[in-house]
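Peer 1: When the letters of the sequence shown are read in order and numbered with my numbering, they come out as residues -19 to 318.
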Amino acid sequence: MIRSSVTPLLAVLAACAPDGDTWNPAYFPDGEGTRHVASCEEVRHPPNTDVSLMRSFGDTLVVVDGAGGRTLVLDRAFDILAEIPHDPEGPAPLLDPRGVALTSDSVLVFADRPLARLQFITLGGTLARTVDLPFMPDALQAHGAGFLTASTQLGAGPDQLLYFVDAQGGVTELGEEPRGVDPWQLRTLANLVAMAPVAGGTAVAHRFVVPEGYAISSPDGTGLVRVTRHALPVPERLSSRVGWLPAPPFDGDALMDILTPVLDMDATQDGRELLLLSRSGRRGGPHHEKIVIRTAGDFAFVESIRLPVNAGHLVAWGGRGGILVADDQDHWYTCVLP
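1) So is Asp308 buried or exposed if we call it buried at 16+ other beta carbons inside 10 Å?
2) Under a Cβ-count criterion, where at least 16 other Cβ atoms within 10 Å of its own Cβ denotes burial, should His66 be classed as buried or exposed?
3) Quick check on the burial criterion: 16 or more other C-beta atoms within 10 angstroms. Buried or exposed for Thr106?
4) DSSP on Gln133, reduced to helix/strand/coil?
5) Taking the alpha-carbon positions, what's the Leu243 to Leu256 distance?
6) Could you give the first and the last residue of the continuous alpha helix (DSSP H) run that contains Gly232?
7) Ignore the nearest five residues each way along the sequence and tell me which others in Ala227's own chain have a CB closer than 7 Å to its CB.
8) Which residue's Cα is closest to the Cα of Gln249: Asp139, Ser36, Val173?
9) Should Val295 and Met116 be called a contact, given that it needs their Cβ atoms to be closer than 8 Å?
10) For Val42, which residues of its own chain have a beta-carbon under 6 Å away from its beta-carbon, when the five flanking residues on both sides are left out?
11) In three-state DSSP terms, what is Ser284?
12) Applying the 10 Å Cβ sphere with the 16-neighbour rule, what's the burial state of Leu304?
13) DSSP three-state label for Trp312, please.
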């Protein structure tokens, strides 16, 4: 078991935002690019899952089935290659993975929130190694010779949001503090992030409330070099949601109206563009209409594309313009973006 230590990252050059947590998203005009609609086809007989996390690694799909208490590894035909049980008392302890990566030697790396660990587990279900973390992790992305992760903001801490875990298990702060919000009860939600690989580094985006992202670059492929903040694209129709937060006590309807810049995120297979699953600001029947916002690696807006399904998860899948999405009823769809 590797026990990590936290050291300041003096080499990181952070692009600082103005004092105070005020946000200036990159608005794009309502309807800009949304004349395009993705073509989607439902996947017949996918595995019976309650998807809480979905990630693709080339021709391999990893699905965390939260309610089912397992993680599935699937091939291109959605046949099960491996099944990892979520058992905190088992030989490969796993409880609630909030992020997952797949190494080149076919080892799954889980960021387990309640265990506050990175768990390295083989496809055969054997625990290869463990890295204890001084915080509860929220997301995970392979980066250079290690991994990027984020802290779950509960109570008053921790006082850093983003971290790098190197190959030896050392943990380095990236100099980005969590974003403050009022009411404070929404601090956890405001600091949940999504991560995706892009050419030259990793993209990180706040999923709720905060329309900001980060580009983390490593030109030499190993050392962390630069962290920069970028505005996330937001439809003009949602401008009234920016900075708006409900007053406690919260109900489900109020939370559904919170700004959601990124429900999920992945990069195109060449790593040159990002695909952001978001809301258009329109209602599609009982649901918020979903869109895919295509951006450059620094979140610069390219176009938005309507989805004909109520997607909650997205991965790049099936070649250029292809994505796989899962909706709130656990139906899966393969879609082609125009």
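Just so it is clear, CB atoms sit at the ideal spot from N, CA and C, and this is done for glycine as well.
Peer 2: In brief:
1) Here Asp308 is exposed: its Cβ has fewer than 16 other Cβ atoms, across all protein chains shown, within 10 Å.
2) Under this definition His66 is a buried residue.
3) Result: exposed.
4) When secondary structure is reduced to three states using DSSP, Gln133 falls in the coil class, being assigned neither helix nor strand.
5) Roughly 7 Å separates the two Cα atoms.
6) Taken as a continuous stretch (DSSP letters only), the alpha helix (DSSP H) holding Gly232 covers 232 to 236.
7) In the same chain as Ala227, and ignoring 5 residues on each side of it, the C-beta atoms closer than 7 Å to its own belong to Pro163, in chain order.
8) With distances taken between Cα atoms, Gln249 lies closest to Ser36.
9) In this structure, the beta-carbon distance from Val295 to Met116 does not fall below 8 Å.
10) Within the same chain, Cβ atoms closer than 6 Å to the Cβ of Val42 are found at Arg35, Val53, Val80, the five residues on either side in sequence being excluded.
11) In this structure, Ser284 counts as strand in the three-state DSSP scheme.
12) Residue environment: Leu304 is assigned as buried (16 or more neighbouring CB atoms within 10 Å of its CB, all protein chains considered).
13) Collapsing the DSSP output to three states places Trp312 in a strand.
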